[in-house]
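Student: Residue numbers (the UniProt record's numbering): 1 to 132.
#1: What's the gap between the Cα of residue 48 and the Cα of residue 105?
#2: Which whole-angstrom value describes the C-beta separation of residue 22 and residue 98, a residue pair presumed to lie in contact below a C-beta threshold of 8 Å?
#3: Return the residue from the list 14, 56 and 60 that minimises the CA-CA distance to residue 102.
#4: Whose CA, out of 58, 74, 67 and 45, lies closest to the CA of residue 12?
#5: How would you call residue 78, buried or exposed, if buried means at least 16 neighbouring beta carbons within 10 angstroms?
Next comes the structure, spelled out in structure tokens:
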């Protein structure tokens with residue numbers, strides 16, 4: 001996601017799920033576009049070097065999981081201060097937990113059950129957000 005408006009839309013209209021050092025905001029659209037993700041790592045996480053390290057680790061963790069998400073998915077992954085001391089594996093586990101809960105809630109609200117999964121139409125895009 002590239003614009004402040006997209007981040008704001010996912011943050012306000014999307015579903016929020018917290019897991020460990022992460023808060024994942026998810027929004028499903030009918031656009032059919034490939035899944036997209038943005039990142040928010042605020043100053044409370046640490047100085048610039050620490051924030052950038054957390055953002056890079058989160059980007060890799062999300063990149064490995066975007067193919068599991070249905071087309072039209074928009075994510076904003078927000079790192080909490082505990083993310084600075086979390087391992088990459090810990091961030092990945094927290095992300096898995098948050099995404100699983102968000103997908104279950106989406107399936108329940110759609111009335112489709114847990115076994116409904118769609119494959120992305122195009123390759124996923126990742127964008128590092130500045131958090132503004």
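A virtual CB, placed ideally from N, CA and C, is assigned to each residue, including glycine.
Tutor: Taking the coordinates as given:
#1: Taking the straight line from one Cα to the other gives about 35 Å.
#2: The Cβ separation is near 6 Å, so the contact holds.
#3: Of 14, 56 and 60, the smallest CA-CA separation from residue 102 is found for 14.
#4: Considering only alpha carbons, the answer is 74.
#5: Under this definition residue 78 is a buried residue.
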